[in-house]
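Residue numbering for the sequence shown follows the numbering used here, starting at 269 and increasing by one per position. What follows is one structure encoded as C-alpha cells, with my remarks underneath.
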Amino acid sequence: MGAVRPDSLTRVNSRLVTPFDIMSEGFLFGVFTMALLIQAANITYAHGGNELFRGLQFAIQTGNRIALVGENGTGKSTLFRLLTREISPQGGAITYANGITVGYLRQESNLPADKTVREVLSTAIGDADALEFELLEIEERFSTPLTDDEMTALLDRQAVLLDKLDASAGVDATEQLQEVLGEIRIPERRWDQPIGTLSGGERKLVDLARFLLEPPDVLLLDEPDNHFDTETRTWLETWLTTRFNGALCMISHDRYMIDRVATSIVELEDGKLRTYPGNYTAFQQQKRARIEKELELRELAEREYLKLKEAAEDLTQWARQNPKFASRAEQMRNRMTEERARLDAQPWPQLQRRVINIEFETERGSTNVVTGSGVSIRFGERVVLQPFDVLVRHGERVGIIGPNGVGKTSLMKCLTGELRPSSGTINIGASIKMAWYDQLHGTLDPTAQPIELARKAKALNEQQALSALVAMGFDRVDAMNQVRNLSGGEQARLQIALMMLSGANLLVLDEPTNNLDLASVEQLEEALLDYDGTIISISHDRYFMDRVCNRILAIEDGVVREYPGGYTYAIANPEKGTPLTLGFRHPAAAPEPVRKRR
Numbered sequence: 269m270g271a272v273r274p275d276s277l278t279r280v281n282s283r284l285v286t287p288f289d290i291m292s293e294g295f296l297f298g299v300f301t302m303a304l305l306i307q308a309a310n311i312t313y314a315h316g317g318n319e320l321f322r323g324l325q326f327a328i329q330t331g332n333r334i335a336l337v338g339e340n341g342t343g344k345s346t347l348f349r350l351l352t353r354e355i356s357p358q359g360g361a362i363t364y365a366n367g368i369t370v371g372y373l374r375q376e377s378n379l380p381a382d383k384t385v386r387e388v389l390s391t392a393i394g395d396a397d398a399l400e401f402e403l404l405e406i407e408e409r410f411s412t413p414l415t416d417d418e419m420t421a422l423l424d425r426q427a428v429l430l431d432k433l434d435a436s437a438g439v440d441a442t443e444q445l446q447e448v449l450g451e452i453r454i455p456e457r458r459w460d461q462p463i464g465t466l467s468g469g470e471r472k473l474v475d476l477a478r479f480l481l482e483p484p485d486v487l488l489l490d491e492p493d494n495h496f497d498t499e500t501r502t503w504l505e506t507w508l509t510t511r512f513n514g515a516l517c518m519i520s521h522d523r524y525m526i527d528r529v530a531t532s533i534v535e536l537e538d539g540k541l542r543t544y545p546g547n548y549t550a551f552q553q554q555k556r557a558r559i560e561k562e563l564e565l566r567e568l569a570e571r572e573y574l575k576l577k578e579a580a581e582d583l584t585q586w587a588r589q590n591p592k593f594a595s596r597a598e599q600m601r602n603r604m605t606e607e608r609a610r611l612d613a614q615p616w617p618q619l620q621r622r623v624i625n626i627e628f629e630t631e632r633g634s635t636n637v638v639t640g641s642g643v644s645i646r647f648g649e650r651v652v653l654q655p656f657d658v659l660v661r662h663g664e665r666v667g668i669i670g671p672n673g674v675g676k677t678s679l680m681k682c683l684t685g686e687l688r689p690s691s692g693t694i695n696i697g698a699s700i701k702m703a704w705y706d707q708l709h710g711t712l713d714p715t716a717q718p719i720e721l722a723r724k725a726k727a728l729n730e731q732q733a734l735s736a737l738v739a740m741g742f743d744r745v746d747a748m749n750q751v752r753n754l755s756g757g758e759q760a761r762l763q764i765a766l767m768m769l770s771g772a773n774l775l776v777l778d779e780p781t782n783n784l785d786l787a788s789v790e791q792l793e794e795a796l797l798d799y800d801g802t803i804i805s806i807s808h809d810r811y812f813m814d815r816v817c818n819r820i821l822a823i824e825d826g827v828v829r830e831y832p833g834g835y836t837y838a839i840a841n842p843e844k845g846t847p848l849t850l851g852f853r854h855p856a857a858a859p860e861p862v863r864k865r866r
C-alpha cells in the first residue's frame, strides 16, 4: 500500500484531507469523526515461553494522543513492533486503513551507521538522487529470501518512494535540510558525518527529523525523550502539541511529557489494555478510584461468601438431624465451593504490583555537608565551569539542571573525588558518608553477583542479603547472576539497594530514574522525601525534580545560579536566580529553613 501523494491532499476547515478521509467514515459533511487507522484484533503473542498477550484488542484512531504505560517487561515495545508489522502475532491480525503511513521511533536508533546525516534526511526530503539510491537497494533485496511480511513492507516502501520521486521535481533539498537541522540544533559541520559518530541524543534527533520532513498519519514513539536534555524535551513536546497533526501513541517514563502531550492513557497490565481519558495526573486519580471501588466490591463479595458459608454450615447441621434437608445442604455446599473458586480465580485489586520497597536509614552528619570554594572545571582551553562558591547544608535536596554538555556530571565527579577541580577546593563534612548513583552503573563490578555486593555494602549473612534484594524485586536466580547479565532496570534497582544498605547520609544521584518504570520511580520519590539526609541530584525527569528537590543549581555558559524551590520555579523565574559564580554575585536572601514533608 502506497502513501497518499501530496497532490492528492485537500484542505477542509484548515486541515489537509485525503481522499481516504472523504471516502471513509472519518469525514462526513465537513465534520471529522474518529476514523480507524490501525486495529489489532485478538492478538496472541508469546516470547521465550512467556505469553505476553492473549486476545488483546487495541486501536488507533484519527486524533488520538495516547500514552502507553505499564511496568517494565509487560510488552509495551513488543506491542509497537506488532503494530508496525516488524514481528507477527501468533494469533489475531493487525490491519491498517488503506494508504496510511506509519512512523516508528525506536528506543535506540537503527539508522545505518555508515550513512551521513545528509544522506538519511535527503530521502525524507524527496531528493531525487537519494530516492533512486534507496529504490536500487530495495530492488536488490527483492532477490533475497523474504517472508510475506518483509515482502509487504518492501512493496509498501517502494510505492512510497516512487510517489515521492514523482513529486520531487523542483524540491530544494538543501533549503529544507538547513531549516530542519537548524531546528533540531545539529550544526552544519556534522551533516556529512556518519550517523555512527553521533551521540545517542543526536542520532535520535536525526530519527525525529525524518518525521518533521515527512509527517506520517500515525506516529509511534518508544521512549522518545531518552538521551535528551530538558531543552530538547521541551522542543519535542511543543512540536507534538502544536505542529504534528497525525495520530500519536507513545511510550515514555517522562510524566511531564505525558501530562503535556497525551489526552488518553492506555495501561498494559497482565496482557490486557485499559483506557483512561485525560493525562497522566488524571490517570493516577482514576486508577486509584477504580481500584478502591473494586476493592470495596471484593470485600463485599468476601462478606457475602462468609454469610453463604455460615448458612451452608447451619443447613448441614440441620440435615444431620433432619435428612430432608440433606439435598438442600449439599446444593448449598456446592454453591459455596463454586463461589470460593470464583473468588480465588480473581486476584485481589492492587494499586501497584511488584512494588519495590525503598527505605533509607541513616544517621545525621555535619550541618555543612559540602563546601566548595572557587571551584572551576576546564578541559584544555575549554572552560566548563567558571570559579564559584557553594554551600550545601544538612537536609537540603539539591537539583542540578542545565543542557547536555554544560558540566553537570563533571561537577558530580568532583564531588565524589573521581575528578579534581581545575581550581578551588571541595570539602565534604567530617561525619558525612556518601553514596554515589552512576547513571552508567560504573559503580557496579560487572563480574560480581548482586548478593556479593549486598554483603560488601553491609555486614549481612546470605539470607539477610537475599531478603534485601528480594525487597527490590530480585529473585534468587537474579541475586546469584553476574551484574553484567542484568538488565538496565535491574542494575538501577541494585544500585539503589546498595545505597540503602550503605547507611549513607549524602546521596549523590546522576539520573536515578533512568531505566525504572513509573511505579518504581514513584516509590523512589516517596523514599527520598522521607530520607533524613542530604541529596544532590542530576535528572532530566522534571516531575522528579519538582517533587523531590527544594533547591536548584542551574548551569549555563559556565555560570552557576541557585534558585529556591523546584524545577518549575527555576524555569519560570530565570531572572530570580542568585549567581554563585565569582564576579557575578550579588547579595542573596537568607535561605529558607528546610522543612520535612508532613
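We treat Cβ as the ideally placed atom computed from N, Cα and C, and that holds for glycine. Everything numeric in this text was worked out from a predicted model, so none of it was measured.
Bounding residues of the beta strand (DSSP E) (the contiguous stretch that carries residue i)
| i | result |
| --- | --- |
| residue 563 | First-last for residue 563: 548-589, but that is the alpha helix (DSSP H), not the beta strand (DSSP E). |
| residue 592 | Element bounds for residue 592: n/a, residue is neither H nor E. |
| residue 532 | 532-537 |
| residue 666 | 665-669 |
| residue 490 | 486-490 |
| residue 345 | Careful: residue 345 lies outside any beta strand (DSSP E), inside the alpha helix (DSSP H) at 344-351. |
| residue 515 | 515-519 |
| residue 305 | 304-315 |
| residue 508 | Here residue 508 belongs to no beta strand (DSSP E); instead the alpha helix (DSSP H) covers 498-510. |
| residue 543 | 540-545 |
Secondary structure of residue i, DSSP reduced to three states
| i | result |
| --- | --- |
| residue 451 | helix |
| residue 479 | helix |
| residue 772 | coil |
| residue 373 | strand |
| residue 360 | strand |
| residue 707 | coil |
| residue 292 | Note that residue 292 scores a pLDDT of 36, beneath 50, so its modelled location is shaky; the value from the coordinates is reported in the next line. Note: residue 292 maps to coil in three-state DSSP. |
| residue 753 | helix |
| residue 717 | coil |
| residue 788 | helix |
| residue 691 | strand |
| residue 298 | Annotation note: pLDDT 43 at residue 298 (below 50); position unreliable, no value reported. |
| residue 424 | helix |
| residue 382 | coil |
| residue 404 | helix |
| residue 336 | strand |
| residue 726 | coil |
| residue 331 | coil |
| residue 431 | helix |
| residue 741 | coil |
| residue 414 | coil |
| residue 274 | Residue confidence is low: residue 274 scores 32 on pLDDT, short of 50, so the model does not pin down where it sits. Its coordinate-derived value is still stated next. In this structure, residue 274 counts as helix in the three-state DSSP scheme. |
| residue 686 | coil |
For residue j and residue i, believed in contact at Cβ under 8 Å, the rounded distance
| i | j | result |
| --- | --- | --- |
| residue 687 | residue 804 | With a Cβ gap of about 15 Å, residue 687 and residue 804 do not count as contacting. |
| residue 815 | residue 830 | Between residue 830 and residue 815 the Cβ distance is about 19 Å, and since that is not below 8 Å, they are no contact. |
| residue 734 | residue 747 | 6 Å |
| residue 759 | residue 709 | 5 Å |
| residue 763 | residue 712 | 7 Å |
| residue 313 | residue 358 | 6 Å |
| residue 389 | residue 445 | 6 Å |
| residue 657 | residue 821 | The Cβ separation is near 12 Å, so there is no contact. |
| residue 823 | residue 692 | At roughly 16 Å, the Cβ-Cβ gap does not stay under 8 Å, so residue 823 and residue 692 are not in contact. |
| residue 775 | residue 703 | 5 Å |
Other residues of its chain near residue i: CB distance less than 7 Å, five sequence neighbours each side excluded
| i | result |
| --- | --- |
| residue 778 | 677, 680, 705, 706, 707, 806 |
| residue 505 | 525, 528, 529 |
| residue 470 | 454 |
| residue 604 | 576, 577, 580 |
Contacts around residue i, its chain only, beta-carbon distance under 6 Å, and the 5 residues preceding and following it disregarded
| i | result |
| --- | --- |
| residue 799 | 628 |
| residue 587 | 593, 594, 597 |
| residue 789 | 781 |
| residue 836 | 814 |
Sequence-distant residues of the same chain with beta carbon closer than 8 Å to residue i, five excluded per side
| i | result |
| --- | --- |
| residue 461 | 384, 385 |
| residue 270 | Its pLDDT being 37, under 50, residue 270 is placed unreliably in this model, and the value from its coordinates should be taken loosely. 367, 424, 427, 428, 430, 431, listed in sequence order. |
| residue 291 | Bear in mind that a pLDDT of 33 at residue 291, under 50, signals an unreliable position, so the number given afterwards is only what the model happens to contain. Excluding positions up to five away in sequence, the list is empty. |
| residue 635 | 661, 662, 697 |
| residue 841 | 831 |
| residue 563 | 616, 617 |
Unbroken alpha helix (DSSP H) run spanning residue i, endpoints
| i | result |
| --- | --- |
| residue 458 | Neither: residue 458 is in no alpha helix (DSSP H) and is coded neither H nor E. |
| residue 525 | 523-529 |
Counting only runs that start and end within the segment 799-856, where is the beta strand (DSSP E) found for 3 or more residues in a row? 802-806, 819-824, 827-832
Starting from the N-terminal side, write out each stretch of the beta strand (DSSP E) that is 3 residues or longer and does not extend beyond the segment 599-678. 636-647, 650-661, 665-669
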